[in-house]
Amino acid sequence: MKLKDLIYRIIPGIEWLNGYTLQDCIADLIAGLTVALTVLPQCLAYATLAGLEPQYGLYSAFMGGIIYAFLGSCRQVTIGPTALLALITSHHTSFGLTSGADYSILLCLISGIIEFLMAILKLGALVDLISLPVTGLFGLSSGSGSGFVETIKSVFLNLDEIRLADFSLGFTAIIILLFLRKLKDFKFSNKRKFLKSCIWILVTGRNALIVLISSIIAYYSCKNSDSCPFILTGNVKSGLPSLHVPKFETNIINANGTVIHQNYRDMMWELRSSMIILPIIAVLGNVAISKAFGSPGLSATREMLALSLSNICGSFFCSMPVTGSFSRSAVNHASGVRTPIGGLYTSAFVLLASALLAPYFQFIPKAALSAVIISAVIFMIEFEVIKPLWRCSRRELLPGAITFVMSLALGVEIGIPLGTTNGITYIVIRPKQSSLCFPSIDWLRCCISNSLSSHGSVPVILDFSSVNDFDFTAARGIALNCEPYLQVMVPLIKGQSLIDCKEIDHGKNN
């Protein structure tokens, strides 16, 4: 292997720079700005969700774009804070003083190290062992555990403390955000291109728009009133994050109000479950996004390496754990990004906002940030998989049910391993007759892609006559994989019958 090819393989970003044109630069700049308008309100909201001060969200939103621009292999992927990782992080940020940030930053570092080890040991295939029912219902219980019942109880016990202004603002913001999200599915005629462009801009920047309007309302309401009707974000530390080594010791306040010193072992014990579960969830999400947008020969190991270094390097700049974001990656794709360098522009805009706009973030109502979070996390729960699972393979509801119930009762560190173990157990003890299970889908995708690469755009026939059974994740994977090849005719044949991709997606094949 030539030295040049070796460098391109290790640092794919150099290859992107080779032949980088002005048109590429403009396209990436527009996409980077668009994603920045999405990530700015989200990162402030996710930091609050994690129990941290808002500036830590800004600190978490720039390093991933820089690292991924040089090491990533999928131009659409954007790395940054997400609601799911913020929920997991929030379990360790309620001990008072500066311990919340210390635990969050240390968790970011440890997650990056574990992800790096997974990449070096080429353990990317392990994420294929987590089936769709496990991840589909995981979002419903991801913020739970021993405190779930207490949280629900606390909500009803404090109904008399509802602030009318905050409730009205938050509820209205949620309705508008959900409406704008749905508006993107509305079909306009090709003659209304200008209207389509305006709607796209409005839908894409809906979070920033809601935060901006809410901030203006809050500013004038508080300015012209003795007491502000809204709870505001408060002071956000301006300026760029400083470079320092994550702390391996901290101080916490116990239930009695006593300050207790926590050494390295104490902190590791507190993070014991999250530092295993969080990297797996982060890798699972990042690889899934990369495969959804990436090329057929995408390397899961390379993606894990880029993600791990994003977390490791980010921890030295006060970052909370990060991973790929489905919503922002979709925005990046829709904005016409051409190379991962678009992430550099996003990072530049985030740093610019941290340095210049931070003083204005104090007027953002917390109700608006809560609306951004709620309108995002409700789509983490894949309710739509329950009906086809019930019709297609009721047995596969068991791993999801185990994950859901155990995560609610005992926490995600118990729920996910139990749900995954249940799914793997069935693969081991399944009938000896030929069957297609979810870990095989990536291999099947590679076979189809390699065949098309070798023979060009010719029809590809998948003969399933010897396959006696599909599981739901495999069927869904086939449906998703066949969509990009519909233009080159990819009939799926099971026995002597033609199976439509949409039927597979809705579980009708069984």
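To get the numbering used here, take the position in the sequence shown, counting from 1, and add 23. Each residue gets a CB set at the ideal place from its N, CA and C atoms; glycine is no exception.
Among all the DSSP beta bridges, which residues are the ones paired with residue i?
{"i": "H267", "result": "None, per the DSSP bridge assignment."}
{"i": "L255", "result": "P388"}
{"i": "N274", "result": "H284"}
{"i": "T346", "result": "G103"}
Can you tell me the Cα-Cα spacing of residue i and residue j, whole angstroms?
{"i": "I224", "j": "I471", "result": "36 Å"}
{"i": "F209", "j": "L218", "result": "12 Å"}
{"i": "A323", "j": "K246", "result": "52 Å"}
{"i": "R295", "j": "M327", "result": "21 Å"}
{"i": "A188", "j": "R361", "result": "44 Å"}
{"i": "S348", "j": "V310", "result": "11 Å"}
{"i": "S127", "j": "P264", "result": "15 Å"}
{"i": "L60", "j": "K207", "result": "17 Å"}
{"i": "M290", "j": "T273", "result": "8 Å"}
{"i": "L45", "j": "F372", "result": "19 Å"}
{"i": "W566", "j": "I143", "result": "Past the edges of the chain, shown from 24 to 533, lies residue 566, and the structure says nothing about it."}
{"i": "I303", "j": "K214", "result": "46 Å"}
{"i": "G80", "j": "V62", "result": "9 Å"}
{"i": "G530", "j": "A498", "result": "The predicted model places G530 with a pLDDT of 42, which falls under 50 and marks its position as unreliable; any figure quoted below should be read in that light. For G530 and A498, the distance between alpha carbons rounds to 7 Å."}
{"i": "L192", "j": "I239", "result": "12 Å"}
{"i": "L485", "j": "R468", "result": "11 Å"}
{"i": "R204", "j": "C221", "result": "14 Å"}
{"i": "G257", "j": "A241", "result": "12 Å"}
{"i": "N473", "j": "R186", "result": "59 Å"}
{"i": "W292", "j": "Y449", "result": "33 Å"}
{"i": "S430", "j": "I300", "result": "12 Å"}
{"i": "S416", "j": "I452", "result": "16 Å"}
{"i": "Y368", "j": "S313", "result": "20 Å"}
{"i": "G366", "j": "G308", "result": "18 Å"}
{"i": "S250", "j": "K410", "result": "50 Å"}
{"i": "G166", "j": "T174", "result": "Note on G166: pLDDT 49, under 50, position unreliable in the model; the coordinate value appears next. Taking the straight line joining both Cα atoms gives about 10 Å."}
Sorted by chain position, which residues of the same chain lie with C-beta nearer than 6 Å to residue i's C-beta, five sequence neighbours on each side aside?
{"i": "I34", "result": "F93"}
{"i": "S338", "result": "I128, C131, L132 and P269"}
{"i": "A231", "result": "L60 and P64"}
{"i": "I283", "result": "I275 and N277"}
{"i": "G442", "result": "V157, P422, I425 and T426"}
{"i": "R325", "result": "S96"}
{"i": "G135", "result": "S331, N334 and I335"}
{"i": "P252", "result": "A188 and S244"}
Going along the chain, which residues of its own chain have a beta-carbon closer than 7 Å to the beta-carbon of residue i, five neighbours each way excluded?
{"i": "V259", "result": "P77, Q78, A381, F384 and Q385"}
{"i": "Q99", "result": "F316, S352, N355, H356 and V360"}
{"i": "I119", "result": "Residue identity differs from the one stated: residue 119 is Gly in this sequence, not Ile. So the list reads I275 and I276, once near-sequence residues are dropped."}
{"i": "G74", "result": "S113, T116, S117 and G123"}
{"i": "P363", "result": "G36, W39, Y91, A92, G95 and R98"}
{"i": "N286", "result": "E272"}
Answer with buried or exposed for residue i, where buried requires no fewer than 16 other C-beta atoms within 10 angstroms of its C-beta.
{"i": "F211", "result": "exposed"}
{"i": "D51", "result": "buried"}
{"i": "I439", "result": "buried"}
{"i": "N533", "result": "For N533, the predicted model reports a pLDDT of 39, less than 50, meaning its position is unreliable; a value from the coordinates is still stated below. So N533 counts as exposed."}
{"i": "I37", "result": "exposed"}
{"i": "E407", "result": "exposed"}
{"i": "V178", "result": "exposed"}
{"i": "Y243", "result": "exposed"}
{"i": "R229", "result": "buried"}
{"i": "N41", "result": "exposed"}
{"i": "E184", "result": "exposed"}
{"i": "T444", "result": "exposed"}
{"i": "I233", "result": "buried"}
{"i": "I102", "result": "buried"}
{"i": "I89", "result": "buried"}
{"i": "G280", "result": "exposed"}
{"i": "F495", "result": "buried"}
{"i": "S370", "result": "buried"}
{"i": "L180", "result": "exposed"}
Note down, in chain order, each residue of its chain lying with its Cβ closer than 8 Å to the Cβ of residue i, except the 5 sequence neighbours on either side.
{"i": "G359", "result": "A50, I53 and A54"}
{"i": "G262", "result": "S377, A378 and A381"}
{"i": "I197", "result": "A394, I397 and S398"}
Would a C-beta distance cut-off of 8 Å place residue i and residue j closer than the cut-off?
{"i": "A305", "j": "L266", "result": "no"}
{"i": "A388", "j": "I254", "result": "The question names Ala, but residue 388 is Pro in the sequence shown. Cβ distance < 8 Å, so P388 and I254 count as in contact."}
{"i": "G87", "j": "V268", "result": "no"}
{"i": "M343", "j": "S83", "result": "yes"}
{"i": "C576", "j": "A124", "result": "Here the chain comprises residues numbered 24 to 533, so residue 576 is not present and cannot be evaluated."}
{"i": "T57", "j": "T227", "result": "yes"}
{"i": "N67", "j": "L392", "result": "The residue asked about is misnamed: residue 67 is Leu in this sequence, not Asn. Contact: yes."}
{"i": "I111", "j": "S297", "result": "yes"}
{"i": "L374", "j": "F85", "result": "yes"}
{"i": "A106", "j": "V400", "result": "yes"}
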